[in-house]
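Protein chains in written order, with our numbering: chain A, 1 to 289; chain B, 290 to 578.
The C-beta atom is built at its ideal place from N, Cα and C for all residues, glycine as well.
Worksheet: one structure, shown below.
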């Protein structure tokens, strides 16, 4: 829900309020939903809706930001998009900011349609794919959304593209990063951070110092912690030096599966397990400042 | 609707049956819908649905393929995705193949969700963004969908990324093209074409010969003809040499705005104008063989 204020300022406040740069990814997968929930109904849409509502209530005391994965909702067709809208509304009701993980990447009028669609379902910000150029990013910022453009992703097979070296010595990922930095410089909020952030995987922390030097004002949305093997120490190399609060570290660290599919201990409910897991990661990430 | 047969074979047949490699892009934009339609109702969803049905009936005798732009439907939220489903069903009813223009680009399990979602709403194929790597493409092919991955797009600002030169002398676009060619080689149909095609803009035809050399088996989905300034001569440089039928030229030439928003002549209905415009472009493209 874009407002006059900068997304980056609202994000820094949400992180400061939570005391931790944790972001919980909401990736509902039917086959992984808790047994206790699956025994209640066979209807996929009802199941996914109930799961997402439960996740939000379970993490709202520990996180300031959630990141629903659009693909998991789109999988259910139009009814899934309806559940995505409900999930976002519920997140706002609990005071959470929403990053819509949609990795959209198209230009001009098409980008404006995607931006209007994201705003229409209530997203505060969105992930974007920059391969088509600046016109695939600018319309989202102009529409008042925050954005995180892919720079260096956490999957192993991204190296073949993102680590390839250009004639001038920089990698493709670094070339994209410099475009993100330049585009983002026109959208800096009061806290010194840009409304245009970047996706930088925790598993690629070897590239972290260089990417941080190229993108000093970007919030890095960092996937890959937990299930994908990235650690809190990997994240440390991605933070902004000299930050005075956790909200100004310039990282938003996402964990999806290891939080939302946390195994309940004996006599623990599935939502208790999610709460415990979110609290534990939030605590670990507090050590970054 | 994936079947056991190769998408590339069904595509070649559809183009041969139409006698032309024309693809009509369905990009419904409320503000551009025909006056005659807008006078009937104020409901955006009804208007878009009626427009899409009219477009399909108007072009079905001239084209074998349509390409709905997902963003234009997503803009209307869950109801828009419902209209997209209806539009695809109507296209199939009229014997048309469907390329879902969604430019999705995410990896692993997320890509599998997107593929299942595209199959669920009836798409035969989908456009993809390859920036994250091979794992952002393979799951769609494995699910039985055809795919067109972005290589060299038609917008002017794509040059900054796609034309940047690597140490080995090739451009980023050519590097991506070589990955597309390699991935696609495992999915070649009876007509010698791959189920994995590439998006190559008509406005970038200067790069065409080189891209064709790198991707001999790919069908190029070619945007940029018409409103964006690309011509049929630009397309000629992208075709496969020695093709024995129009379906084996290896090009699928898309036009959206200049067909579906064709201005009606005096005493012509809006659907007549679309039919006339589709027939004209189909005729022009026939000269490619």
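Cβ separation of residue i and residue j, assumed to be a contact under 8 Å, to the nearest whole Å
i             : j             : result
residue 23/A  : residue 67/A  : 5 Å
residue 424/B : residue 396/B : 4 Å
residue 420/B : residue 131/A : 4 Å
residue 412/B : residue 377/B : 6 Å
Status (buried if at least 16 other CB within 10 Å, exposed otherwise) for residue i
i             : result
residue 401/B : buried
residue 576/B : exposed
residue 444/B : buried
residue 393/B : buried
residue 174/A : buried
residue 543/B : buried
residue 10/A  : buried
residue 75/A  : buried
residue 95/A  : exposed
residue 250/A : buried
residue 27/A  : buried
residue 531/B : exposed
residue 473/B : buried
residue 186/A : exposed
residue 496/B : buried
C-beta atoms of residue i and residue j nearer than 7 Å
i             : j             : result
residue 492/B : residue 513/B : yes
residue 489/B : residue 541/B : no
residue 110/A : residue 360/B : yes
residue 81/A  : residue 367/B : yes
residue 405/B : residue 434/B : no
residue 182/A : residue 205/A : no
residue 309/B : residue 574/B : yes
residue 64/A  : residue 15/A  : yes
residue 326/B : residue 339/B : yes
residue 567/B : residue 351/B : yes
residue 86/A  : residue 73/A  : no
residue 578/B : residue 133/A : no
residue 480/B : residue 516/B : no
residue 469/B : residue 487/B : yes
Inter-residue Cα distance where the pair is residue i and residue j
i             : j             : result
residue 25/A  : residue 55/A  : 10 Å
residue 447/B : residue 453/B : 10 Å
residue 484/B : residue 59/A  : 43 Å
residue 8/A   : residue 189/A : 6 Å
residue 322/B : residue 562/B : 13 Å
residue 408/B : residue 244/A : 49 Å
residue 526/B : residue 505/B : 13 Å
residue 167/A : residue 176/A : 14 Å
residue 151/A : residue 213/A : 13 Å
residue 263/A : residue 248/A : 33 Å
residue 417/B : residue 102/A : 13 Å
residue 148/A : residue 429/B : 24 Å
residue 571/B : residue 519/B : 15 Å
residue 555/B : residue 564/B : 15 Å
residue 328/B : residue 521/B : 36 Å
residue 336/B : residue 559/B : 14 Å
residue 43/A  : residue 52/A  : 14 Å
residue 17/A  : residue 172/A : 36 Å
residue 221/A : residue 557/B : 53 Å
residue 57/A  : residue 45/A  : 19 Å
residue 193/A : residue 482/B : 48 Å
residue 459/B : residue 500/B : 11 Å
residue 259/A : residue 153/A : 20 Å
residue 97/A  : residue 358/B : 28 Å
residue 294/B : residue 35/A  : 38 Å
residue 467/B : residue 178/A : 25 Å
residue 410/B : residue 280/A : 39 Å
residue 290/B : residue 535/B : Confidence in residue 290/B is poor, its pLDDT being 47 and thus under 50, which makes the residue's placement too unreliable to answer from.
inquiry  = For the region 61–78 of chain A, list every residue whose C-beta sits within 7 Å of some C-beta in chain B, in sequence order.
reply    = From the region 61–78 of chain A, only 69, 71, 72, 74, 75, 77 and 78 have a Cβ closer than 7 Å to chain B.
Interfacial residues, the region 149–167 of chain A to chain B, with Cβ spacing under 7 Å = Residues are counted here when their Cβ sits less than 7 Å from a Cβ of chain B; for the region 149–167 of chain A these are 150, 153, 155, 157, 158, 160, 161, 164, 165, 166 and 167, given in chain order.
message = At a CB distance below 8 Å, what residues from the region 465–481 of chain B approach chain A? Give them in sequence order.
response = So the list reads 465 and 468, given in the order they occur along the chain.
ask   = Closer than 7 Å, Cβ to any Cβ of chain B: which residues of the region 232–261 of chain A, in chain order?
value = For the region 232–261 of chain A, the beta-carbon criterion of a distance under 7 Å to any beta-carbon of chain B is satisfied by none of its residues.
message = Give me the subset of the region 414–426 of chain B whose CB atoms are less than 8 Å from a CB atom of chain A, sorted by chain position.
response = Cβ contacts with chain A: 418, 419, 420, 421, 422, 423 and 424.
inquiry  = Taking beta-carbon pairs under 7 Å, can you tell me which members of the region 376–388 of chain B lie near chain A?
reply    = Within the region 376–388 of chain B, no residue has its Cβ closer than 7 Å to any Cβ of chain A.
task = Taking only beta carbons into account, state which residues of the region 36–49 of chain A come closer than 9 Å to chain B, listed in chain order.
result = Within the region 36–49 of chain A, no residue qualifies.
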